[in-house]
């Protein structure tokens, strides 16, 4: 008969898996399979590690571990019992690896999303540095898992007792909680400047903030997991079930933004497919008139030069998509100018909320320039 811990763990696994499948469905509805981006593949990897984590939890519960086994207890165990606990301890080590990898894979989901959101913006540099720092943090946590107890086989040694350093793995908890929260803070800080400048109502900003700053919920779960696990360091059930709870919360928080369009006709994160009919360029603009992103196949946005535009902007066709923070979309359009060789004509956009965009076109034989 299943224990309460097993019942909770597999229930949360089922719900977490449902959330991931809803994400895949929502993305398929908006961009199609060919429009999947890096965050979608990270989410797919998360499902694999999520499954592996639950399998390790089940095996640990069935086999036991070396935690709490004293030399006196080990001396009375049969060879079969010792072998069984050694197997469970190996599963515990594997579980640590799957758990940490899952946590950082979910960070990858958010970083890939922010990478597209900040395309062409100065915040893109912050995303790149955060990505780099997150990789370093992951390597550091994995180094702590494999390096806190040497030689490595002592991680699963049952008798004689290898010592609390190897069995309790306090270093793993402390290293993970520090680097996990630091990277979450860095990730959460990325969309804040965008939300501050984007031209939306306060209510919509708050709603977008809840979706994009979901790392706050993950940080709370991380802290709770660390505190309760260290309080009951001898109880393997406490640490494993809190690991499941933390990753369950993380899966929901990270994928909420992608799932949101399924439950509302009003989308805060809009995915647009370019087509042969979308040949113009449009920008969402903030209150200062600066573009947050573009939809369309060509053209130059805001004050970005042609060379820089080619470097940062992404052309969209039937097989690609971009996400943008949007409220009530405000498009910067332009009227079709009358152009004659050797003459200069100005095209002027409609006035939208006091924002005027003027483009000057100059055509000369063999050379054309576009000044914005």
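In my numbering, the protein residues as written are 3 to 374.
Quick reminder that beta carbons are idealized off the backbone N, C-alpha and C, glycines included.
On a predicted model such as this, the values are computed, not experimentally measured, just so you know.
Fewer than three pairs of CB atoms, one per stretch, sit closer than 8 angstroms, so the stretch 236-246 makes no contact with the stretch 186-205. Pairing residue 227 with residue 61, the inter-Cα distance amounts to about 21 angstroms.
Cβ-Cβ separation between residue 182 and residue 105: approximately 6 angstroms, consistent with a contact (criterion under 8 angstroms). With contacts defined as CB atoms closer than 8 angstroms, residue 66 and residue 86 qualify as a contacting pair. Taking all protein chains shown into account, residue 55 has 16 or more neighbouring C-beta atoms within 10 Å of its C-beta and is therefore buried.
Taken atom to atom, the span from the alpha-carbon of residue 221 to that of residue 53 is near 22 angstroms.
In this structure residue 149 is exposed. Its beta-carbon is surrounded by fewer than 16 other beta-carbon atoms within 10 angstroms. C-alpha of residue 96 to C-alpha of residue 128: approximately 33 angstroms in a straight line.
Spanning the alpha carbons of residue 72 and residue 167 requires a straight line of approximately 14 angstroms. Spatial neighbours of residue 188 in its own chain (CB-CB distance under 7 angstroms, excluding positions within 5 residues in sequence) are listed in chain order as 132 and 135. Within the model, the alpha-carbon separation for residue 202 versus residue 263 is close to 18 angstroms. Burial state of residue 208 is exposed, judged by a 10 Å Cβ sphere holding fewer than 16 other Cβ atoms. Distance from the CA of residue 251 to the CA of residue 152, rounded to the nearest whole angstrom, comes to 33 angstroms. In this model, residue 90 and residue 22 are separated by some 29 angstroms (Cα to Cα).
Going by DSSP, residue 127 is part of the alpha helix (DSSP H) stretching over 125-149. When the alpha-carbon of residue 249 is set against those of 94, 173, 107 and 5, the nearest one is in 107. Beyond the five residues adjoining it in sequence on each side, residue 113 comes within less than 7 angstroms, by CB distance, of 129, 132, 133, 136 and 189 in the same chain, given in chain order. Just so you know, the alpha carbons of residue 172 and residue 34 end up roughly 45 angstroms apart. Bounds of the alpha helix (DSSP H) holding residue 92 are 81-119.
Residue 50 sits in a helix when the DSSP states are folded into three classes. Classified as buried, residue 100 has 16 or more neighbouring CB atoms from the shown chains inside 10 Å of its CB.
In this structure residue 143 does not touch residue 48 by the C-beta definition: roughly 17 angstroms separates them, more than the 8 angstroms allowed. Taking C-beta atoms under 8 angstroms as the contact rule, residue 28 and residue 261 qualify, at a distance of about 5 angstroms. When the Cα atoms are used, residue 155 and residue 76 turn out to be separated by approximately 17 angstroms. The secondary-structure analysis by DSSP pairs residue 212 with nothing; it has no beta-bridge partner. Burial state of residue 17 is exposed, judged by a 10 Å Cβ sphere holding fewer than 16 other Cβ atoms.
Distances from the CA of residue 162 to each of 74, 11 and 254 were compared; the closest alpha carbon is that of 74.
In terms of CA proximity to residue 213, 258 leads the group 230, 178 and 258.
Taking 4 residues as the shortest admissible run, the stretch 193-258 contains the following complete alpha helix (DSSP H) segments, listed from N- to C-terminal end: 193-199, 204-214 and 217-233.
Excluding the 5 residues flanking it on each side, residue 44 has same chain C-beta neighbours closer than 8 angstroms at 107, 108, 110, 111 and 114, in chain order. Excluding sequence positions up to five before and after residue 232, its CB lies within less than 8 angstroms of the CB of 172 and 175, all in the same chain and listed in chain order.
Between the alpha carbons of residue 191 and residue 50 lies a distance of about 28 angstroms.
Rounded to the nearest whole angstrom, the C-alpha separation of residue 26 and residue 42 is 7 angstroms. The beta-carbon distance between residue 84 and residue 236, rounded to whole angstroms, is 19 angstroms. This is too long to meet the 8 angstroms contact definition.
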